[in-house]
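One structure below.
There are 2 protein chains.
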Amino acid sequence: MDATEFRRRGKEMVDLIADYLENIEQRTVYPDVEPGYLRSLIPEEAPEEPDTYEDVVKDIERVIMPGAASPACTELETVMMDWLGKMLKLPEDFIAGTHGQGGGVIQGTASEATLVALLAARCRAVRMILASDPQRPETGITSKLVAYSSDQAHCSVERAGMIAGVRMKKIPTEQSDKYAVQGETLRRMIQEDKAAGLIPFYFCATLGTTPSCAFDHITELGPICNAEKIWMHIDAAYAGSSFICPEFRPLLNGIEFADSFNFNAHKWLLVNFDCSTMWVKKRSDLIGHWQIPLGRRFRSLKMWFVFRMYGLKGLQDYIRKHVELAKEFESLVRADQRFEISADVVLGLVCFRLKGSNEVNETLLKRINNGRKIHLVPCLLSGQFVLRFALCARTTESRHIREAWQLITQLAEEVMQELPH
Amino acid sequence: MDATEFRRRGKEMVDLIADYLENIEQRTVYPDVEPGYLRSLIPEEAPEEPDTYEDVVKDIERVIMPGAASPACTELETVMMDWLGKMLKLPEDFIAGTHGQGGGVIQGTASEATLVALLAARCRAVRMILASDPQRPETGITSKLVAYSSDQAHCSVERAGMIAGVRMKKIPTEQSDKYAVQGETLRRMIQEDKAAGLIPFYFCATLGTTPSCAFDHITELGPICNAEKIWMHIDAAYAGSSFICPEFRPLLNGIEFADSFNFNAHKWLLVNFDCSTMWVKKRSDLIGHWQIPLGRRFRSLKMWFVFRMYGLKGLQDYIRKHVELAKEFESLVRADQRFEISADVVLGLVCFRLKGSNEVNETLLKRINNGRKIHLVPCLLSGQFVLRFALCARTTESRHIREAWQLITQLAEEVMQELPH
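So the protein sequences, as listed, match chains U and D.
The first sequence: position 186 = 186 (the UniProt record's numbering), numbered continuously.
The second sequence: position 296 = 296 (the UniProt record's numbering), numbered continuously.
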């Protein structure tokens, strides 16, 4: 939608809201629908090609208004999570509209999804232990539980452990393994912890880490977790959106071993903040803890609108364009002997640095950000200060990449003249 | 704002957004302001009388745009929480823009505020215990902690205890005490628990319970909590908005004993969902746990707009009107000998029932809700099935009250003819 159409449609929407409010007394205060009414009113999958805006707006009255806020809010959410789950080719276990036991729920942020999964895992672990040893006092179990995540995992994972009051151990990763958690490392830590009397119960794998977009080896890690009855949660906050493209879907292989999976549709799938999409294999594991807040906004509406206005193909194009732009930036970096690429460029993130000291790279970063034309957030990889060029704006084009690179090289020249490197 | 003005202003806003997007490349990607820049740009308190819409919109460019999303989002939130805290006449301890150590933060829902307070209390308790006995193993402490709330408290309070993995005990209340927690009861439970080796650390008081809008005696309970170093959190989810009126402010007396306080501005203060406003006496107690999610929306914008478009007087008028309408409904109930009032009408909630069996009241409720003209949610008070008439829509007028009462009495007549009572 360009600016001209946005102006037109936005103003129509203002009138639609005003009409609704002016005539609200003609509506009933409570819906007259059977639970589950909504699913049959809309397709089972997102469209491949975009729907028209007129059709989308007409469906507000046809699909939503009969079910008002409740049950429409929950039902549209369940169906939208199925749509998105199918776009991602999730195993049927995770899709609510099948004979499986799983389904999806929208969280506010990935932090909440990690915590919700951890709480469900803690409940399941305590239940299993009490089932095998009913005499054991429940209060002592939690203090023996141990959870794991990569040392590259987002800080919210460690924080979830603090909130739930359980031990959270970081699994070391190596540059030579591309910062991915290896099966062997997890297996060894589990064995050591069990020998010490602890109870491993939760592992949070990351697909697309924040620092370098690294991918834990879930095809190796999943079977270990399953065998040890450890809940495997997959946090793909950033990378998850890309799995709607067949060429990136292999990155999600191993999902069949997971108990829960989450990514932020608000990060890279054109759905406005907040919309963190989470699936579980067994809905019953989550009962009582579907989410931390009890009230909820009607967040699935924005998924419905976006999926229909873009169509699956439009969304795939969007992802591909960002990855292509990242590759274009990578080529520019690689063509310049003064720079080096610090991690594989898999999606829309390019980790790079000047061949030289951390000091020279820190100074370069400061100059870049002080210019306020582009903004980079750095990271440390194996002690090296690394600049991160992330593609994340809807309107970014090739010319922005070239302009950015020109600016970066110009500032790099200045910095290199001033500082020893 | 009536529908005509809403249409006009809404369309202007659509243009403003489109203009912003069309010209976004002319803006810097990162703000050039000093932290704390925002406070001096706006008044220290909410206006008494409404500001003009033009002034509000002009301030987006003047106040927000220079600080963009960050730091404007956090800074406006802090100042808006001060504005609202001053409207409520909170003790200075809770106001960030003073020399105190406290301040406010917006949560999504009261459930999150209860949990955040509980987590902060748990941290503080563990820290205090370790300070007095450094040899004590930390893992064993949590299993000894005990939290309290009223048996009338919202289910989210019990749930917060489950999430944090601590014992949560319900304090019994009596009809003769108007369902308020009494100091003596809390004191006795604390003594018994301490004698049993437990560590009381958290009490969640409720001002305006969900079933009957009962008020715990915080002037009695607060000093007990303070003496026992128990964190007192006050959940005033519904009632809190009314404390901006001097005549209802005495309901909050005792706030000076609290460590944290929360109410839902989205419930009764014309701010759209979600916006649950929470204050703490010591900011440092919350560090690391200001909120459960890490990402955040710019929720303070809607507080800013609403406070300025209504002014404090407009907001007070809105609260008073709902209370008056509730009193009007109460008079209608009291004037009809077949009905009785089941709990004091303090604010906008009227608990009432037919003098008769629970069955007859349940049947009446079903008939009322099946009509879909008004919607009532019932509760049980001391085993009695009670109907709850809650004033909560912006556009409710006296005629709606009279129409509702006419409908209720008409259905009551039908039910009483059909059923023995």
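Even glycine gets a Cβ: it sits at the ideal position worked out from N, Cα and C.
Remember, predicted model here, so these are calculated numbers, not experimental data.
(request) Could you tell me whether the Cβ atoms of U:Val-386 and U:Gly-348 are closer together than 7 Å? (result) As a position in the first sequence, residue 386 of chain U is number 386, starting the count at 1. As a position in the first sequence, residue 348 of chain U is number 348, starting the count at 1. Contact: no.
(message) So, under 8 Å CB-CB, D:Arg-124 and D:Trp-231 are touching, yes? Tell me the CB distance rounded to an integer number of Å.
(response) Your numbering for residue 124 of chain D matches position 124 in the second sequence. Your numbering for residue 231 of chain D matches position 231 in the second sequence. Yes, they are in contact, since the Cβ atoms of D:Arg-124 and D:Trp-231 sit about 7 Å apart, within 8 Å.
(request) With D:Thr-185 as the anchor, note down where its beta strand (DSSP E) starts and where it stops. (result) Here the question's residue 185 of chain D lines up with position 185 in the second sequence. Counting along the chain, D:Thr-185 falls outside any beta strand (DSSP E), though it belongs to the alpha helix (DSSP H) covering 183-195.
(message) Quick check: what's the CA-CA separation for U:Val-157 versus D:Gly-165?
(response) Residue 157 of chain U sits at position 157 when you count from the first residue of the first sequence. Residue 165 of chain D sits at position 165 when you count from the first residue of the second sequence. Distance between the alpha carbons of U:Val-157 and D:Gly-165 is about 17 Å.
(message) Using DSSP's beta-bridge definition, name the partner residues of D:Val-105.
(response) By one-based count along the second sequence, residue 105 of chain D stands at place 105. Per DSSP, D:Met-278.
(request) Answer yes or no: do U:Tyr-148 and U:Lys-169 have a C-beta to C-beta separation smaller than 7 Å? (result) Reading the first sequence from its first residue, position 148 is the one you call residue 148 of chain U. Reading the first sequence from its first residue, position 169 is the one you call residue 169 of chain U. Yes.
(request) Quick one: residues in its chain with C-beta nearer than 7 Å to the C-beta of D:Thr-28, no 5 flanking neighbours on either side, listed in chain order? (result) Counting from 1 along the second sequence, the entry for residue 28 of chain D is found at position 28. Cβ within range, chain order: n/a, list empty.
(request) Kindly indicate which three-state DSSP category D:Ser-111 falls into: helix, strand or coil? (result) Sequence index remark: in the second sequence, residue 111 of chain D carries index 111 (1-based). Residue state, collapsed to three classes: helix.
(request) For D:Ser-143, return the contacting residues in chain U, with the cut-off set at a CB-CB distance below 8 Å. (result) Position 143 of the second sequence, counted from the first residue, corresponds to residue 143 of chain D. In chain order: Thr-139, Gly-140, Thr-142 and Ser-143.
(message) Less than 6 Å between C-beta atoms, sequence neighbours within five positions excluded: which residues of the same chain meet that for D:Ile-64?
(response) On the second sequence, position 64 is the one that residue 64 of chain D refers to. The beta carbon of D:Ile-64 lies closer than 6 Å to those of Ala-72 in the same chain, with the five residues before and after it left out.
(message) Residues of chain U with CB closer than 9 Å to the CB of D:Thr-363, please, in chain order.
(response) Here residue 363 of chain D refers to the residue found at position 363 when the second sequence is read from its first residue. Ordered by position in chain U, no residue passes the 9 Å Cβ test against D:Thr-363, which lies about 17 Å from the chain.
(message) Between D:Gly-240 and D:Phe-263, how many whole angstroms is the CB-CB distance? I'm expecting something under 8 Å.
(response) Counting from one through the second sequence, the residue named residue 240 of chain D turns up at place 240. Counting from one through the second sequence, the residue named residue 263 of chain D turns up at place 263. That belief holds up - the Cβ atoms of D:Gly-240 and D:Phe-263 are roughly 2 Å apart, short of 8 Å.
(message) Since U:Ala-46 and U:Trp-83 should fall inside the 8 Å C-beta cutoff, what is the C-beta to C-beta distance between them, to a whole number of angstroms?
(response) In the first sequence, the residue the question calls residue 46 of chain U occupies position 46. In the first sequence, the residue the question calls residue 83 of chain U occupies position 83. Yes, U:Ala-46 and U:Trp-83 are in contact; Cβ-Cβ is about 4 Å, under 8 Å.
(request) Could you say if the stretch 240-252 of chain D and the stretch 311-331 of chain D meet the contact criterion of at least three C-beta pairs nearer than 8 Å? (result) yes
(message) Is it the case that the stretch 53-62 of chain U contacts the stretch 269-282 of chain U, given that we only count it when at least three CB pairs across the two stretches are under 8 Å?
(response) no
(message) Just to confirm my understanding: we take U:Ala-180, look at its own chain, exclude 5 residues before and 5 after, and list those with CB closer than 7 Å. What are they?
(response) Numbered from its first residue, the first sequence carries residue 180 of chain U at position 180. Non-local C-beta neighbours of U:Ala-180 in its own chain, meaning closer than 7 Å and more than five positions away in sequence, comprise Thr-173, Ala-214, Phe-215, Asp-216 and His-217, ordered along the chain.
(request) Taking residue 422 of chain D as the query, report the chain U residues whose CB atoms sit under 7 Å from its CB, ordered along the chain. (result) Outside the shown range of chain D, which is 1 to 421, sits residue 422 of chain D, and nothing can be said about it.
(message) For a test of the three-state rule: what should DSSP assign to D:Ser-150, helix, strand or coil?
(response) Here residue 150 of chain D refers to the residue found at position 150 of the second sequence. In this structure, D:Ser-150 counts as strand in the three-state DSSP scheme.
(request) From the DSSP output, read off the bridge partner residues of U:Thr-206. (result) On the first sequence, residue 206 of chain U is found 206 positions in, with the first residue counted as 1. Answer is U:Asp-235, bridged to U:Thr-206.
(message) Suppose contacts are defined by Cβ-Cβ distances below 7 Å. Is U:Leu-221 in contact with U:Ala-205 by that definition?
(response) As a working note, residue 221 of chain U is residue 221 in the first sequence. As a working note, residue 205 of chain U is residue 205 in the first sequence. In contact: U:Leu-221 and U:Ala-205 (Cβ atoms closer than 7 Å).
(message) Please report the straight-line C-alpha distance between U:Arg-136 and D:Tyr-238, rounded to a whole angstrom.
(response) Against the first sequence, residue 136 of chain U aligns to sequence position 136. Against the second sequence, residue 238 of chain D aligns to sequence position 238. If you draw a straight line from the Cα of U:Arg-136 to the Cα of D:Tyr-238, it is about 41 Å long.
(request) May I ask you to list, following chain order, the residues of the stretch 285-302 of chain D that have a beta carbon less than 7 Å from some beta carbon of chain U? (result) Ile-292, Pro-293, Leu-294, Gly-295 and Arg-297
(request) Would you mind telling me which residues of chain U sit closer than 9 Å to D:Lys-11, beta carbon to beta carbon, in chain order? (result) Numbered from its first residue, the second sequence carries residue 11 of chain D at position 11. What D:Lys-11 touches in chain U: Arg-7, Gly-10, Lys-11, Val-14 and Asp-15.
(message) Just to confirm the assignment, what range does the alpha helix (DSSP H) spanning U:Arg-159 have?
(response) Locating residue 159 of chain U in the first sequence gives position 159, counting from the first residue. Here the alpha helix (DSSP H) through U:Arg-159 covers 155-164.
(message) Please identify the residue among U:Phe-339, U:Gly-140, U:Arg-367 and U:Leu-186 whose C-alpha is closest to the C-alpha of U:Glu-418.
(response) Taking the first sequence and counting its residues from 1, the one referred to as residue 418 of chain U is at position 418. Considering only alpha carbons, the answer is U:Arg-367.
(message) Which residue wins for smallest C-alpha separation from D:Gln-182, given the options D:Met-162, D:Arg-7 and D:Asp-151?
(response) Working through the second sequence from its first residue, we reach residue 182 of chain D at position 182. It is D:Asp-151.
(request) Starting from the Cα of U:Ile-408, find the closest Cα among U:Ser-111, U:Val-345, U:Leu-251 and U:Phe-339 and give me that residue. (result) In the first sequence, the residue the question calls residue 408 of chain U occupies position 408. The residue with the shortest Cα to Cα distance from U:Ile-408 is U:Phe-339.
(message) My assumption, with CB atoms under 8 Å, is that D:Leu-312 sits in contact with D:Leu-76. Please give the rounded CB distance.
(response) Counted from its first residue, the second sequence places residue 312 of chain D at position 312. Counted from its first residue, the second sequence places residue 76 of chain D at position 76. Their Cβ separation, rounded to whole angstroms, is 18 Å, which puts D:Leu-312 and D:Leu-76 out of contact at 8 Å.
(request) Assign U:Gln-242 to one of two classes, buried (16 or more other C-beta atoms within 10 Å of its C-beta) or exposed (fewer than that). (result) On the first sequence, residue 242 of chain U is found 242 positions in, with the first residue counted as 1. Gln is not the amino acid found at residue 242 of chain U; the sequence shown has Ser there. The residue in question, U:Ser-242, is buried, as its Cβ has 16 or more Cβ neighbours within 10 Å.
(message) Short of 7 Å in beta carbon distance, which residues of its chain neighbour U:Glu-92, apart from the five on each side in sequence? Order them along the chain.
(response) Along the first sequence, one-based indexing puts residue 92 of chain U at 92. The beta carbon of U:Glu-92 lies closer than 7 Å to those of Thr-98 and Gly-100 in the same chain, with the five residues before and after it left out.
(request) Please work out which residues of its chain come closer than 8 Å, Cβ to Cβ, to D:Asn-272, disregarding the five sequence neighbours upstream and downstream, and give them in chain order. (result) Locating residue 272 of chain D in the second sequence gives position 272, counting from the first residue. If we look at D:Asn-272 and ignore the five residues flanking it on each side, its Cβ neighbours are His-266 and Lys-302.
(message) Looking at the secondary structure, which residues open and close the beta strand (DSSP E) in which D:Ala-167 lies?
(response) Looking up residue 167 of chain D in the second sequence gives position 167. Note that residue 167 of chain D is Arg in the sequence shown, not Ala. Its beta strand (DSSP E) spans residues 167-171.
(message) To test your reading of the DSSP string, which unbroken alpha helix (DSSP H) runs of 4 or more residues are found completely within the stretch 60-97 of chain U?
(response) 72-87
(request) Note down, in chain order, each residue of its chain lying with its Cβ closer than 6 Å to the Cβ of U:Val-306, except the 5 sequence neighbours on either side. (result) Locating residue 306 of chain U in the first sequence gives position 306, counting from the first residue. Hits under 6 Å: Leu-270 and Val-271.
(message) Does the distance between the C-beta of U:Lys-373 and the nearest non-hydrogen atom of the ligand GDP fall short of 6 Å?
(response) Among the components modelled here there is no ligand, and therefore nothing to report on the ligand GDP.
(request) Could you check if D:Pro-211 is buried or exposed, using at least 16 other CB atoms within 10 Å of its CB as the buried criterion? (result) In the second sequence, the residue the question calls residue 211 of chain D occupies position 211. It is buried - the Cβ of D:Pro-211 has at least 16 other Cβ atoms within 10 Å.
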